[in-house]
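Trainee: Pasting a structure below so you can have a look.
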Amino acid sequence: MQKNIRNFSIIAHIDHGKSTLADRIIQECGGISDREMTSQVMDNMDIEKERGITIKAQSVRLNYEKDGQKYVLNLIDTPGHVDFSYEVSRSLASSEGALLIVDSTQGVEAQTIANVYIAMDNDLELLPVVNKIDLPSADPMRVLGEVEEAIGLDCTFHNLISAKTGLGVKDLIDSIVDRVPSPTGDENAPTKALIYDSWFDNYLGALALVRVYDGSIKKGQILRMMNTKVEHQVISLMYPHPLKKQDTTEIKTGEIGIVVLGLKTLDGIAVGDTMTDAKNPTLEVIDGFEPAKPFVFAGLYPIETDKFEDLREALNKLKLNDSSISFEPESSIALGSGFRTGFLGMLHMEVIKERLEREFDLDLIATAPTVVYEVLKKDGEKVVIQNPSELPEPNYIETIFEPYVKATILVPDEFLGNVIKLLNDKRGIQLKMDYIGKRVLLEYDIPMNEIVMDFYDKLKSTTKGYASFDYEPIGFRPGNLKKLDVRVAGDIVDALSIIVPEDKSVSRGREFVKALKELIPRQLFEVAVQASIGSTIIARETVKSMGKNVTAKCYGGDITRKRKLLEKQKAGKKRMKAIGKVNVPQEAFMAVLKI
1 MQKNIRNFSI
11 IAHIDHGKST
21 LADRIIQECG
31 GISDREMTSQ
41 VMDNMDIEKE
51 RGITIKAQSV
61 RLNYEKDGQK
71 YVLNLIDTPG
81 HVDFSYEVSR
91 SLASSEGALL
101 IVDSTQGVEA
111 QTIANVYIAM
121 DNDLELLPVV
131 NKIDLPSADP
141 MRVLGEVEEA
151 IGLDCTFHNL
161 ISAKTGLGVK
171 DLIDSIVDRV
181 PSPTGDENAP
191 TKALIYDSWF
201 DNYLGALALV
211 RVYDGSIKKG
221 QILRMMNTKV
231 EHQVISLMYP
241 HPLKKQDTTE
251 IKTGEIGIVV
261 LGLKTLDGIA
271 VGDTMTDAKN
281 PTLEVIDGFE
291 PAKPFVFAGL
301 YPIETDKFED
311 LREALNKLKL
321 NDSSISFEPE
331 SSIALGSGFR
341 TGFLGMLHME
351 VIKERLEREF
361 DLDLIATAPT
371 VVYEVLKKDG
381 EKVVIQNPSE
391 LPEPNYIETI
401 FEPYVKATIL
411 VPDEFLGNVI
421 KLLNDKRGIQ
431 LKMDYIGKRV
441 LLEYDIPMNE
451 IVMDFYDKLK
461 STTKGYASFD
471 YEPIGFRPGN
481 LKKLDVRVAG
491 DIVDALSIIV
501 PEDKSVSRGR
511 EFVKALKELI
521 PRQLFEVAVQ
531 ASIGSTIIAR
541 ETVKSMGKNV
551 TAKCYGGDIT
561 RKRKLLEKQK
571 AGKKRMKAIG
581 KVNVPQEAFM
591 AVLKI
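Counting from 1, one number per residue, gives the positions in the sequence shown under the UniProt record's numbering.
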């Protein structure tokens, strides 16, 4: 019965207990026996369990009985990391309610606020839940006050729980049944379902996780994807479950389920697309969500150059499970052939690189991450630049536009001075500063280029780990930018080029060449390591040549014999300097990432 279905998501900042609460709800509803239970049962990737983070949103269908009535609860556990916030927006688009989890010791954090706004945009019923009340430093009433002050959410009806011990979880499930509205949809209308996730199974082929808004999906039915206009037959249907998926013959209005289409690729299944019946289609598309747009680009190159095709195959397979990555082949003089790959952020880049290395047994090197720039040329043409080496010559450029983000930062007031100094160094523009208890909520516009490298690490170290940070893109703005090249023995190393603000170019160039001087192995001739903007050299270091004692065999005798040998060596070094080639080691690229 539609009135007995509850679709809800769990949203919270990182480490506030989403996955642990999902475990307790599953146990309370008898979805998994105590013997089968593991911690973070919804996180099924090794990398999720090791890092203790959720990367992919997961769903589970549970049965629950209250006052003699049987209910179906569809729970969606979402990631908390800013890089995976598009997973959150997809999950919330498929729900009627959301549990807003706040840690009773830490209070409201930046991501809490960001996720609440997404939930409000989707008109969801929000249930404030204070977690970790079993801790000695818990102060749930202060935290509820913060929620009311920072978010403006009425916390008269709230739940206090401990997801670790299970305290208050049964009352929370009763609140979900009472307060989250049931789905509203027309059971007799033509089929209308939203694809909010898709992945690839080695045995079943392409799978789509859908939420049915009108009508139903039956086994054997032919479905049409409304955007891509592709038609597929339904091979089988299942209800989601982390351990044992349950087969069904029909997914009804308001329900969430997995549609097995048996395809070898995910080409026809676009996340955010609307599924409908091929013979009796619905008229309007469900307002989907924005497709994930990559913000950070880096080159991925195999260390063994003959593994290029293996890397292509691995990226294609990974794209089936994570539609947010984009890639295209590129070649570099220094590194050979590889792929320019687009990611949602630095954590996403780390996770993808680690998955490629683990799951496909590849050794990879990533170049310095960059963002997308728009360049207006003097002839009026506008070009999009993903790789600094594509930047046109300075005399052809009218303006370079760089992407900006709106950053929300919550910081204890004792560290406010440090954070404002850091934001000013990163060319931030202050929009807002509010005090919430003993913490300060800052809103800044910052160039994306300034946060892709080390911003998060610096923010954590200047605030002893107490600051939280979230961002959303807000478009492009003109910037005074230049391309900084690194030359080793006179040759530009294309993989080390970066785009920097003009006023920081000299200091950045000096840092670069200083780090590279330590890493480039000594040759038999002197090697000049230079940083340049266009043809102007702005910094230089010299890697001294290795000395070979050519006079060792001369003992005593005339000095002219020694001088003759030394002159001969000097001439040889000069000749080698003119034609010698220097290989830049892999560690050098890593050092640039650290700068």
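No residue lacks a Cβ here, since even glycine has one placed at the ideal position from N, Cα and C.
So, at 8 angstroms on beta carbons, what are the nonlocal neighbours of ILE217 in its own chain, with the 5 sequence-adjacent residues on each side left out?
Mentor: Taking the first residue of the sequence shown as 1, we reach residue 217 at position 217. For ILE217, where only same-chain residues beyond five positions count, the Cβ hits under 8 angstroms are THR191, ALA193, VAL210, LEU223, VAL234, LEU237, GLU250, ILE251, GLY257, VAL259, MET275.
Trainee: Alpha carbon to alpha carbon, how far is PHE512 from ALA368? Give it in angstroms, no decimals.
Mentor: Here the question's residue 368 lines up with position 368 in the sequence shown. Here the question's residue 512 lines up with position 512 in the sequence shown. About 12 angstroms.
Trainee: Residues in the same chain with beta-carbon distance under 8 angstroms from LYS548, minus the five sequence neighbours each way, listed in chain order, please.
Mentor: Locating residue 548 in the sequence shown gives position 548, counting from the first residue. Correct list, in chain order: LEU524, GLN569.
Trainee: Taking all protein chains shown into account, do 16 or more other C-beta atoms lie within 10 angstroms of the C-beta of GLU472, making it buried, or fewer, making it exposed?
Mentor: By 1-based counting over the sequence shown, the position of residue 472 is 472. GLU472 should be labelled exposed.
Trainee: Ignoring anything shorter than 4 residues, give me the alpha helix (DSSP H) runs that lie fully in the stretch 226 to 279, in order along the chain.
Mentor: The stretch 226 to 279 contains no whole alpha helix (DSSP H) run of 4 or more residues.
Trainee: Assign MET226 to one of two classes, buried (16 or more other C-beta atoms within 10 Å of its C-beta) or exposed (fewer than that).
Mentor: Locating residue 226 in the sequence shown gives position 226, where the first residue counts as 1. Buried, because 16 or more other Cβ atoms sit within 10 Å of the Cβ of MET226.
Trainee: If you draw a straight line from the alpha carbon of GLY417 to that of THR463, how long is it in whole angstroms?
Mentor: What you label residue 417 is simply residue 417 of the sequence shown in a count that begins at 1. What you label residue 463 is simply residue 463 of the sequence shown in a count that begins at 1. Their Cα atoms are separated by approximately 10 angstroms.
Trainee: Can you name the start and end residues of the alpha helix (DSSP H) that GLN27 belongs to?
Mentor: Your numbering for residue 27 matches position 27 in the sequence shown. Counting along the chain, the alpha helix (DSSP H) containing GLN27 begins and ends at 18 to 28.
Trainee: Only counting the same chain, and skipping five residues up and downstream in sequence, which positions put a Cβ closer than 7 angstroms to that of ARG522?
Mentor: Within the sequence shown, numbered from 1, the residue matching residue 522 stands at position 522. VAL543, LYS544, SER545, MET546.
Trainee: According to DSSP, simplified to helix, strand and coil, what is ILE10?
Mentor: Looking up residue 10 in the sequence shown gives position 10. Strand.
Trainee: Quick one: Cα of ALA189 to Cα of THR253, how far?
Mentor: As a first step, residue 189 is located in the sequence shown; it is residue number 189 there, counting from the start. As a first step, residue 253 is located in the sequence shown; it is residue number 253 there, counting from the start. Roughly 10 angstroms separates the two Cα atoms.
Trainee: Flag this pair as touching only if the stretch 8 to 28 and the stretch 128 to 136 have three or more C-beta atom pairs under 8 angstroms; answer yes or no.
Mentor: Because the criterion of three Cβ pairs below 8 angstroms is met, the stretch 8 to 28 and the stretch 128 to 136 touch.
Trainee: At the level of alpha carbons, what is the spacing between ASP413 and SER104?
Mentor: Here residue 413 corresponds to residue number 413 of the sequence shown, with the count starting at 1. Here residue 104 corresponds to residue number 104 of the sequence shown, with the count starting at 1. Distance between the alpha carbons of ASP413 and SER104 is about 19 angstroms.
Trainee: Expressed to the nearest angstrom, what Euclidean distance is found between the alpha-carbon atoms of ASP43 and SER59?
Mentor: Here residue 43 is taken as the residue at index 43 of the sequence shown, counted from 1. Here residue 59 is taken as the residue at index 59 of the sequence shown, counted from 1. Residue placement at ASP43 is flagged as unreliable, the pLDDT there being 48, under the threshold of 50; a coordinate-derived value is accordingly withheld.
Trainee: Using 8 angstroms as the Cβ pair cut-off and three pairs as the minimum, do the stretch 146 to 155 and the stretch 63 to 75 touch?
Mentor: Taking 8 angstroms as the limit for Cβ pairs, the verdict is that the stretch 63 to 75 does not touch the stretch 146 to 155.
Trainee: Since GLN111 sits in a beta bridge, which residues does DSSP pair it with?
Mentor: On the sequence shown, residue 111 is found 111 positions in, with the first residue counted as 1. Note: GLN111 sits in no beta bridge, so no partner.
Trainee: Determine the DSSP secondary structure at THR305, reduced to helix, strand or coil.
Mentor: For the purposes of this step, residue 305 is identified with residue 305 of the sequence shown, where counting begins at 1. If DSSP states are grouped into helix, strand and coil, THR305 belongs with the helices.
Trainee: Using only alpha-carbon positions, find the residue among MET433, ASP425, GLU443, PHE476 that is nearest to ASP454.
Mentor: Position 454 of the sequence shown, counted from the start, is the residue given in the question as residue 454. Out of MET433, ASP425, GLU443, PHE476, ASP425 has the C-alpha closest to the C-alpha of ASP454.
Trainee: Between which two residues does the beta strand (DSSP E) holding PRO501 run?
Mentor: Taking the sequence shown and counting its residues from 1, the one referred to as residue 501 is at position 501. It spans 498 to 501 - the beta strand (DSSP E) in which PRO501 sits, taken as one unbroken run.
Trainee: Would you report the Cα separation of ILE559 and ALA571, rounded to the nearest angstrom?
Mentor: By one-based count along the sequence shown, residue 559 stands at place 559. By one-based count along the sequence shown, residue 571 stands at place 571. Using only the alpha carbons, I get a separation of about 19 angstroms.
Trainee: Counting along the chain, where does the beta strand (DSSP E) carrying MET433 start and finish?
Mentor: For the purposes of this step, residue 433 is taken as the residue at position 433 of the sequence shown. From DSSP, the beta strand (DSSP E) with MET433 extends over 429 to 436.
Trainee: DSSP has ILE222 in a bridge; who is on the other side?
Mentor: Taking the sequence shown and counting its residues from 1, the one referred to as residue 222 is at position 222. GLN233.
Trainee: Mind checking which residues open and close the alpha helix (DSSP H) that includes LEU422?
Mentor: Looking up residue 422 in the sequence shown gives position 422. Where LEU422 is concerned, the enclosing alpha helix (DSSP H) stretches over 416 to 425.
Trainee: What is the residue span of the alpha helix (DSSP H) that ILE352 lies within?
Mentor: Start at 1 with the first residue of the sequence shown, and residue 352 comes out as number 352. ILE352 -> alpha helix (DSSP H) spans 346 to 359.
Trainee: So which of LEU263, ILE269, GLN221, GLU309 has the shortest CA-CA distance to PRO281?
Mentor: On the sequence shown, position 281 is the one that residue 281 refers to. Of LEU263, ILE269, GLN221, GLU309, the residue nearest in Cα terms is GLN221.
Trainee: Under the rule that 16 or more other beta-carbon atoms within 10 Å means buried, what is GLU48, buried or exposed?
Mentor: Working through the sequence shown from its first residue, we reach residue 48 at position 48. Only weak support is given to the placement of GLU48: the predicted model assigns it a pLDDT of 48, under 50, and the value that follows is read from those uncertain coordinates. Buried is the call here.
Trainee: Within the same chain, show all residues whose beta-carbon is closer than 7 angstroms to that of VAL384, passing over the 5 residues directly before and after it, in chain order.
Mentor: For the purposes of this step, residue 384 is identified with residue 384 of the sequence shown, where counting begins at 1. The answer, listed in chain order, is VAL372, GLU374.
Trainee: Which same chain residues, not among the five before or five after PHE308, have their C-beta less than 8 angstroms away from its C-beta?
Mentor: For the purposes of this step, residue 308 is identified with residue 308 of the sequence shown, where counting begins at 1. The answer, listed in chain order, is PRO302, GLY336, SER337, GLY338.
Trainee: Measuring only the C-alpha atoms, how far is LEU391 from ALA119?
Mentor: Translated into the one-based positions of the sequence shown, residue 391 becomes position 391. Translated into the one-based positions of the sequence shown, residue 119 becomes position 119. Distance between the alpha carbons of LEU391 and ALA119 is about 40 angstroms.
Trainee: Closest to MET1 by C-alpha separation, out of VAL102, SER91, GLY185, ALA206, would be which residue?
Mentor: The sequence position of residue 1 within the sequence shown is 1, counting from 1. The shortest C-alpha separation from MET1 is found at GLY185.
Trainee: Express the C-alpha separation of VAL169 and VAL405 in angstroms, rounding to a whole number.
Mentor: Here residue 405 refers to the residue found at position 405 when the sequence shown is read from its first residue. Here residue 169 refers to the residue found at position 169 when the sequence shown is read from its first residue. So the two alpha carbons sit approximately 38 angstroms from each other.
Trainee: So, with DSSP's three-state summary, where would you put SER337?
Mentor: As a first step, residue 337 is located in the sequence shown; it is residue number 337 there, counting from the start. Three-state DSSP puts SER337 in a strand.
Trainee: Touching or not, the stretch 294 to 301 and the stretch 348 to 362, by the rule of three or more beta carbon pairs under 8 angstroms?
Mentor: Judged by Cβ distances under 8 angstroms, the stretch 294 to 301 makes contact with the stretch 348 to 362, as three or more pairs qualify.
Trainee: Thinking just about the alpha-carbon of each residue, which of SER91, PRO501, ILE269, ILE520 is nearest to the one in GLU402?
Mentor: Locating residue 402 in the sequence shown gives position 402, where the first residue counts as 1. Ranking SER91, PRO501, ILE269, ILE520 by Cα distance to GLU402 puts PRO501 first.
Trainee: Using only alpha-carbon positions, find the residue among GLN246, VAL147, LEU376 that is nearest to PRO128.
Mentor: Your numbering for residue 128 matches position 128 in the sequence shown. Selected option, being the one with the closest Cα: VAL147.
Trainee: Quick one: what's VAL60 bridged to in DSSP?
Mentor: The count along the sequence shown starts at 1 and reaches residue 60 at position 60. Answer is LEU75, bridged to VAL60.
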